[in-house]
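Each remark here refers to the structure printed beneath this line.
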Amino acid sequence: MTDVARGEELTKRERLTIDRQEMPTRDPGERSGTFAEVNLGFTERLAMLEAQRCLACKRATCVEGCPVMVDIPTFVRQIEDGDFAAAAETLFRDNTLPAVTGRVCPQEHQCEAECVLGRKGAPVAIGHLERFIADWARGHVHEPPLTIEPTGRRIAVIGAGPGGLTAAGELARHGHDVTIYEALHTPGGVLTYGIPEFRLPNDIVQHEVGRLQALGVHIECNVVIGRTYTLDELRKGFDAVFVSVGAGLPVFLGIPGEGLKGVYSANEYLTRVNLMQAYAFPEADTPVLQGEHVVVIGGGNVAVDAVRTARRLGAQRASIVYRRSRPEMPARVEEIHHAEQEGVTFEFQVSPLAIEGNADRWVTGLRCIDTKLGEPDSSGRRAPIPIEGSERVIPCDTVVVAVGTRANPLLTSSSPDLALTNRGYLVADERGMTNLPGVFAGGDIVRGSATVILAMADGKRIAGTIDEYVRATSVEVTPR
Ligand code: FAD
Ligand code: SF4
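At position 235 of the sequence shown (counting the first as 1) the number is 281 in this note's numbering, and the numbers step up by one without a gap.
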């Protein structure tokens, strides 16, 4: 940027004197009683100031840290220059869902982890800038209709999560006729049913979905592949199939008491609240238990989302029970910080032994044991070792189990020829193709539970190989 008063480019020294700009947030007291979004977004002034911190390095290591290789230096420079329309064009070229990734990417481990400013101070707030531009574009940019020649190739995508949506968008831009089949009544996958409104408002997800529909992508909801249609039926009707069904089957701990009333898997708890709007019951059809003391077991994003949801549903005490210590928590640092501000309590180095209940089989408490940390285990994190004689009961009326998910066998059990790992995930080669010709797969159903941007990176990369695959097959071109 030029210093307007001086008419000159800012020097490196001047750039280094600018502090990282803070994301404005809703007041913690106010927000723990509402599902309204916590982060309020940069103003134009904050965004341009933050963009001035970028040193425009010759080798942009931040780009290497981004799984979809967003052209970060260019769009940041365009923000600095106040050319938001150009920044939006740059961003959308590489990233199908920037309003989503700008909100939920673990930037501290990706693009921002590679920013040279982070070596001595705070990295450029790339995620916040990405969100700013995506939000600005929502009000200002109207994509022109696609002018690409239709190829006549038909491609089915199974699952409307970030992996499937990204692949569908890319394939439509190549001129293919794309149909997404989604089991639930609303597209978005975890973005819609898992990640709560206060982190990712659903209307933002649906706006992004709408942009894909405007490109010509068809979405059929309430269609469960493996039940409504089989994979074989889709293979007969389409030139290629992309499977991106996620890994949403909840895992429990296998401890006594998990069948008591008041015990939820985090998936069920969050789906009831996010997708079915259980907070509005009885106006909404679906209820959810609004416990006074809710304990959530786990330390990932899902656990932190569940415990913050419990606070918003009115829990006087909402606690995380995690068997390791705070530095080992896989949840995003920002979310842990927000949870603390909202009055969530954390019980670190505590391992659950059993859920206790009364004569009516309602939950009354969680029996636990304290742990000390030993040597790193197979996950690379220090293993929790129970401390003998430290057993105690944490009183509670609701327990939410958020210790992970695994592959749902619904689709794969109806397609016995599909090759699976011993944990039930799909096996795909370097092109993203499974052992069945023309059937590709990506996202959590191949990787195991991962991240939004990794599912999107799979969708983008594999859309490229699907395009090559269908063009190489001898299908007659019939314009739409
Ligand atoms: P999904 O998002 O799971 O989408 C799969 C879709 O396929 C779903 O809509 C499902 O209904 C549909 N489907 C399943 N089976 C069938 C079938 N047989 N027929 C038709 N449709 C089917 N990641 C981050 O990067 N940042 C975060 O902050 C973050 N927070 C998270 C919070 C929660 C509560 C959860 C659960 C996950 C979070 N994640 C986060 C992880 C991230 O959401 C996932 O890694 C990502 O959504 C995986 O994308 P996907 O497209 O592979 O699958
Ligand atoms: Fe960073 Fe995620 Fe945006 Fe890539 S998509 S630049 S990793 S915030």
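All C-beta atoms in this analysis are idealised placements derived from N, C-alpha and C, irrespective of residue type, glycine included. The model shown is predicted, which means the values in this text are computed figures rather than measured ones.
Spatial neighbours of residue i within its chain, please: CB distance less than 8 angstroms, with the 5 preceding and 5 following residues excluded, ordered by chain position.
{"i": "Thr312", "result": "One detail in the question is off: residue 312 reads as Ala in this sequence, not Thr. Hits under 8 angstroms: Pro296, Val342, Gly344, Val348, Ala349, Asp351, Ala352, Val446, Val447 and Ala448."}
{"i": "Glu266", "result": "Thr225, Ile226, Tyr227 and Glu228"}
{"i": "Asp463", "result": "Asn481 and Leu482"}
{"i": "Gln395", "result": "Tyr368, Arg369, Arg370, Ser371, Asp416, Thr417, Lys418, Leu419 and Pro430"}
{"i": "Pro376", "result": "Gly345, Gly346 and Asn347"}
{"i": "Trp408", "result": "Leu306, Lys307, Gly308 and Asp443"}
{"i": "Glu386", "result": "Phe392"}
Applying the 10 Å Cβ sphere with the 16-neighbour rule, what's the burial state of residue i?
{"i": "Ile499", "result": "buried"}
{"i": "Asp490", "result": "buried"}
{"i": "Thr467", "result": "exposed"}
{"i": "Ala218", "result": "buried"}
{"i": "Val236", "result": "buried"}
{"i": "Cys108", "result": "buried"}
{"i": "Leu62", "result": "exposed"}
{"i": "Phe486", "result": "buried"}
{"i": "Glu126", "result": "buried"}
{"i": "Gly215", "result": "buried"}
{"i": "Arg273", "result": "exposed"}
{"i": "Ile201", "result": "buried"}
{"i": "Thr417", "result": "buried"}
{"i": "His155", "result": "exposed"}
{"i": "Leu457", "result": "buried"}
{"i": "Phe298", "result": "exposed"}
{"i": "Asp504", "result": "buried"}
{"i": "Asp285", "result": "buried"}
{"i": "Asp331", "result": "exposed"}
{"i": "Lys282", "result": "exposed"}
{"i": "Gly234", "result": "buried"}
{"i": "Ser425", "result": "exposed"}
{"i": "His530", "result": "This structure cannot settle anything about residue 530, because the visible part of the chain is limited to 47 through 526."}
{"i": "Ser78", "result": "buried"}
{"i": "Asp278", "result": "exposed"}
{"i": "Val287", "result": "buried"}
{"i": "Arg199", "result": "buried"}
Go through its chain and collect everything with a Cβ distance to residue i's Cβ below 6 angstroms, but skip five positions before and after it.
{"i": "Tyr315", "result": "Ala352 and Val446"}
{"i": "Thr410", "result": "Glu402, Gly403 and Asn404"}
{"i": "Ala364", "result": "Val340, Val353, Ala356, Arg357 and Val390"}
{"i": "Ala429", "result": "Gly420 and Asp423"}
{"i": "Gly262", "result": "Ala218"}
{"i": "Glu548", "result": "With the chain running from 47 to 526 in the structure shown, residue 548 is simply not present."}
{"i": "Gly337", "result": "Ala361, Asp443 and Thr444"}
{"i": "Ala474", "result": "Thr480, Ala487 and Val492"}
{"i": "Ala183", "result": "Ala134"}
{"i": "Ile250", "result": "Ala145"}
Counting only the same chain and skipping the five closest in sequence on each side, list residues whose C-beta sits under 7 angstroms from that of residue i.
{"i": "Asp140", "result": "Val114, Met115, Val116 and Asp117"}
{"i": "Arg526", "result": "With a pLDDT of 46 at Arg526, under the threshold of 50, the predicted position of this residue should be treated as unreliable, and no value is reported."}
{"i": "Asn268", "result": "His231"}
{"i": "Arg177", "result": "Gly87, Ala145, Gly148 and Arg149"}
{"i": "Glu160", "result": "Thr107, Cys108, Glu110 and Gly111"}
{"i": "Ser495", "result": "Ala293, Gly450 and Thr451"}
{"i": "Cys157", "result": "Cys108, Gly111, Cys112, Ile118 and Ile172"}
{"i": "Ala400", "result": "Ile301, Pro302, Gly303 and Arg413"}
{"i": "Leu133", "result": "First, the amino acid is wrong: residue 133 is Ala here, not Leu. Around Ala133: Phe121, Gln124, Ile125 and Ile179."}
{"i": "Val50", "result": "Unreliable positioning characterises Val50 in this predicted model, as indicated by a pLDDT of 47, which lies under 50. A coordinate reading is not provided."}
{"i": "Leu246", "result": "Val146, Arg149, Val150 and Leu237"}
{"i": "Cys103", "result": "Val162"}
{"i": "Pro74", "result": "Gln387 and Glu388"}
{"i": "Ala206", "result": "Ile226, Glu228, Pro233, Gly234, Gly235 and Ile265"}
When DSSP builds the beta bridges, which residues end up paired with residue i?
{"i": "Cys414", "result": "Pro398 and Arg438"}
{"i": "Val485", "result": "Val287"}
{"i": "Thr391", "result": "Ser365"}
{"i": "Arg428", "result": "Pro422"}
{"i": "Gly403", "result": "Val409"}
{"i": "Thr71", "result": "Asn85"}
{"i": "Leu466", "result": "Leu472"}
{"i": "Arg452", "result": "Leu295"}
{"i": "Thr444", "result": "Val340"}
{"i": "Met479", "result": "Phe486"}
Can a CB atom of chain D be found closer than 8 angstroms to the CB of residue i?
{"i": "Gln259", "result": "Structure shown: chain D not included; a single protein chain is present."}
Inside the region 82 to 143 only - beta strand (DSSP E) runs reaching at least 3 residues
none
Any chance you could list the beta strand (DSSP E) runs of at least 3 consecutive residues sitting entirely within the region 306 to 384, in chain order?
309 to 311, 339 to 343 and 363 to 368
What residue ranges within the region 247 to 304 form continuous beta strand (DSSP E) runs of no fewer than 3 residues, ordered along the chain?
264 to 266 and 286 to 289
Could you tell me which whole alpha helix (DSSP H) segments of length 4 or greater appear in the region 200 to 242?
208 to 219 and 236 to 239
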